[in-house]
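Scroll down for the structure; my scribbles are underneath it.
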Amino acid sequence: MRLSVDNLACRRSGRRIFANLSFALGPGDALAVTGRNGAGKSSLLAILTGRLRPDAGRIVIADVGEASLPECLHAVGHRDGLKSSLTAGENLLFAQRLLGAPRLSPGGALERLGLGHAHDLPVAYLSAGQRRRVALARLLVCARPLWLLDEPTAALDTASQAVLAALMAAHRAEGGLVIAATHQALGLAGAAELRIETAAAAPVADVTEDWA
Amino acid sequence: MIRAVLALIARDLRLSGRVGGSGTLSLVFFLMIVALVPFALGPDLNLLSRIGPAILWLAAVLATLIGLDRLFQADEEDGSLDLMTAAPVPLELVVLGKVTAHWLTTGLPLALAAPLFGLLVALDGTAMSSTALTLLAGTPALSFIGAVGAALTASIRRGGLILAVLVLPLMIPTLIFGVSAAQAASGGTVPFLVPLAVLAALTLIAAVVGTLAAAAALRWPE
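Chains A and B supply the protein sequences, listed in that same order.
Under our numbering, the first residue of the first sequence is numbered 1, with each subsequent residue one higher.
Under our numbering, the first residue of the second sequence is numbered 1001, with each subsequent residue one higher.
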């Protein structure tokens, strides 16, 4: 899969968050999105997942057949999409059936993240780090070429961070793409860095003109 | 594509049975309202059996509102909605699956329990079965109309009251034809089938318009 983003701009509630963002990724590439709090890292990921409309710019994908961008990606972020009253296994099985393209079984994916024992436990019983690992196990139950990770190491212990780095390396070796918004080194060898820097709080000039 | 929708329905049914789900709650609420009416009106059996279908329908409309505010809000809050956006199915089908699950856990049990609860308001056999039939035909419309309000208020915290204010006026036509069909069965100038056909038509219209409108409201939350 290839992804190219051209002069992307984001506006939320009338305020320009970022503008003129461009990057291109090919098979096996990784991109680390950095920037201070509120710079728009999560907004960029929300635009890519299709939950937010870009203000300007173009997103083009290639080599994926007829699939649309949201159908090619996995997103793991602060809102982990896990139901507390369902077990870890049930949550992953649902994700697998909903998203299609099954790969590992829920049990096998949890095993890879060192959570094999949590398969039949309700997610409500798990700690923040364990929850995050269940959400990361979703990356393994369905095969999708683009991984969007928002602060993936938050709440993870060092051993799990190493597991995640190994998973990302294996994914890239198979030709997958990784985009991670992060404040820390993730162990993404040879990753490009995209630093979002704008005066986030400044209102956009043309908005005030619209109102005048 | 069908498998994804079936997985969604199965998950919602399972969730409604677990802790924090609205499962049997709307049925209990339905029973409470119907049981309260004889206490308020007194033991006048003729009066009760005359307004019985109307009471059952009012209770059904109110019971549908239970848990409706969480229909999309729960998924919006924990990020499950992002997962559904990424599914290889149109958002309209996601809405259809979720509303179907909502109806299976609220509307269908209400319609099935209506003959039993009809005893509390002194309905005779004909009135009981006709009220149950109108609830079976009409409650899907309530779920679909409610889904539009639930989608609009998905990102508003404490949106339950706004939801009720939004959707209750839209439920009035369904209520009118539901009650008039149920009353037509137990004597009246209109044949039973006429209001029942209008009720079924309202359900079909609500299914199309409600699905499209709710999906549109969910697609671009800002």
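Note that CB positions come from ideal geometry on N, CA and C, so glycine has one too.
If you draw a straight line from the Cα of B/T1064 to the Cα of B/A1147, it comes to about 11 Å.
For the segment 29-55 of chain A, the set of positions with a beta-carbon nearer than 9 Å to some beta-carbon of chain B reads A46, T49, G50, R51, L52, R53 in chain order. The shortest CA-to-CA distance from A/R195 to any of A/M1, A/R2, A/A19 is the one to A/A19.
For the segment 1085-1096 of chain B, the set of positions with a beta-carbon nearer than 7 Å to some beta-carbon of chain A reads T1085, A1086, A1087, P1088 in chain order.
Spanning the alpha carbons of B/L1112 and A/L98 requires a straight line of approximately 31 Å. Judged by their CB atoms, A/G187 and A/A165 are nearer to each other than the 8 Å cut-off.
A/D63 is outside the set of residues whose beta carbon lies under 8 Å from a beta carbon in chain B. At a cut-off of 8 Å between C-beta atoms, A/P70 counts as an interface residue with respect to chain B.
If one requires a minimum length of 4 residues, the alpha helix (DSSP H) runs lying completely within the segment 1001-1084 of chain B are 1002-1017, 1025-1041, 1045-1065, 1070-1078, in chain order. For B/V1121, there is no enclosing alpha helix (DSSP H), since its DSSP letter is neither H nor E. The C-alpha of A/L52 is placed about 9 Å away from the C-alpha of A/L45. Close CB contacts of A/A162 within its chain, under the 8 Å cut and outside five residues either way in sequence, are with G187 (chain order). Check the Cα spacing between B/S1143 and each of B/P1169, B/V1121, B/T1106, B/L1166: the tightest is with B/T1106.
Neighbours of B/A1004 in chain A, taken as residues whose beta carbon is under 9 Å from its own, are R97, L98, L99, G100 in chain order. Here the segment 1070-1085 of chain B makes no contact with the segment 1192-1206 of chain B; the two share fewer than three CB pairs at distances below 8 Å. DSSP, read as helix, strand or coil, puts A/N91 in helix. In terms of beta-carbon proximity, B/L1168 stays away from the interface with chain A, with every pair separated by 8 Å or more.
Cβ contact annotation for A/A101 (same chain, cutoff 6 Å, sequence separation greater than five): C142, A143, in chain order.
Exclusion of the five residues before and after B/I1033 leaves A1059 as the residues of its chain whose Cβ lies within less than 6 Å of its Cβ.
Distance from the CA atom of B/A1185 to the CA atom of B/V1099, rounded to whole angstroms, is 29 Å.
Here the alpha carbon of B/G1210 sits roughly 25 Å from the alpha carbon of B/A1182.
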